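Numbering (the working numbering), first residue to last: 698 to 1119. Don't be surprised by glycine CBs; every beta carbon is placed ideally from N, CA and C. Only a predicted model underlies this, so the values are computations on that prediction, with no experimental measurement involved. Encoded as structure tokens, the structure appears first; notes follow it.
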């Protein structure tokens, strides 16, 4: 009977060793730059209570209604996290991070899960990085979050981007706008897409996000939310724009830009790139002053963003940007015979203790095969050891790039490769 062939779940992919290096490069870059901005990393479980995600994102959002991976254990219901803002807020409330004093500047990197139709740059397991500033209602925090987001892309070399900016106001402003939007759409309700018809009663703002062709004429003629902003919201929005100007950050105002989750208030923004095609969003975020209180905490203003890492890699491919360096090893010990193999095994640690990466053959192959393997591993040097070398204590050191060989003592080899003596 044939053995079964196991594969990954549809829309989930393995990240193989050749690809991992670019992931590590990006993760290290994010961590280094976040430290410069004085953000601290937070890590939360990939599994959360269903109630948290539903309450945080909203029952009528696409994520909750169609895209969550959910399961039960006993009487408890869980989901694999579809995003990280609600889990970070849950951690903030549960662990009383507000008692640390001052605003909390947190960042994260990790996998998310959504049961959507897989396509380029959109998988069922995907990865995001993002950050949150919790405890500040000042527009300065909005500008800092946006500045970091753009800084990461510029650091990588992705500068062909556009920052889209809008304000969706405070709850009172949004309620007024929802009424005006529904009044605008009501005469043509039957002409809207099926998705927009469902959103009409409970989440009309999401209609503005629709990509359906039949919705376009009604969206393009809809009233704009900035006409309904309270004086307080107008003041906050103007401050955000002022600070972005001070930072030299250009933007385009998009009065129809709304975020997909119900917890957003005031500032909304999105970073897009034409290098991604139709699905052009690289990152997005905004202010969510109601979420902390919504899930059991004290009233706490907050602002943040999230960015798709797979989307970033696609943009890099389109622009010819290479992330990370090729795999290299400092020294490959080529051994001839059992005595040389035993010697090589015991010497690996000497190179590693001096800060060099070192490896050898583990398959008992010929010298020719070992040299070929050393090339494949991008070894800087090969140390060739046989019975004669063990007797004379003079070992052949081959500079792989220059194709030059010298006969040296082990101490001289260590000095040459690592700069250290034994």
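{"Check": "Extent of the continuous alpha helix (DSSP H) run through residue 1074", "Outcome": "Here residue 1074 belongs to no alpha helix (DSSP H), and DSSP marks it neither H nor E."}
{"Check": "Where residue 995 falls, given that 16 or more other Cβ within 10 Å makes a residue buried", "Outcome": "exposed"}
{"Check": "Rounded straight-line distance, which links the Cα of residue 711 to that of residue 904", "Outcome": "35 Å"}
{"Check": "Strand pairing of residue 822, partner residues [DSSP]", "Outcome": "810"}
{"Check": "Range covered by the alpha helix (DSSP H) that runs through residue 1041", "Outcome": "1035-1050"}
{"Check": "Where residue 678 falls, given that 16 or more other Cβ within 10 Å makes a residue buried", "Outcome": "Because the chain is modelled from 698 through 1119, residue 678 falls outside the range shown and cannot be assessed."}
{"Check": "Secondary structure of residue 1002, DSSP reduced to three states", "Outcome": "strand"}
{"Check": "Identity of the residue in 745, 1112 and 827 nearest residue 1205 by Cα", "Outcome": "The chain is shown only over 698 to 1119; residue 1205 falls outside these bounds and no answer can be derived."}
{"Check": "Distance CB(residue 723)-CB(residue 1020) smaller than 8 Å", "Outcome": "yes"}
{"Check": "Cβ neighbour criterion (16 or more within 10 Å) applied to residue 855", "Outcome": "buried"}
{"Check": "8 Å Cβ cutoff met for residue 731 and residue 804", "Outcome": "yes"}
{"Check": "Touch test, the region 829-843 against the region 929-946, Cβ-Cβ under 8 Å, three pairs minimum", "Outcome": "yes"}
{"Check": "Reduced DSSP category for residue 894 - H, G, I as helix; E, B as strand; rest coil", "Outcome": "helix"}
{"Check": "Distance, residue 922 Cα to residue 876 Cα", "Outcome": "11 Å"}
{"Check": "Residue 1068 versus residue 705 - alpha carbon distance", "Outcome": "35 Å"}
{"Check": "Proximity below 8 Å, CB of residue 919 to CB of residue 954", "Outcome": "no"}
{"Check": "Given 8 Å, three or more beta-carbon pairs between the region 1024-1037 and the region 1069-1089", "Outcome": "yes"}
{"Check": "Cβ neighbours of residue 1037 in the same chain (closer than 8 Å, five flanking residues each side left out)", "Outcome": "1082, 1083, 1084, 1086 and 1087"}
{"Check": "Own chain, CB closer than 8 Å to residue 744, minus 5 neighbours either side, in chain order", "Outcome": "775, 776, 777 and 778"}
{"Check": "Alpha-carbon to alpha-carbon, residue 1022 and residue 1089", "Outcome": "38 Å"}
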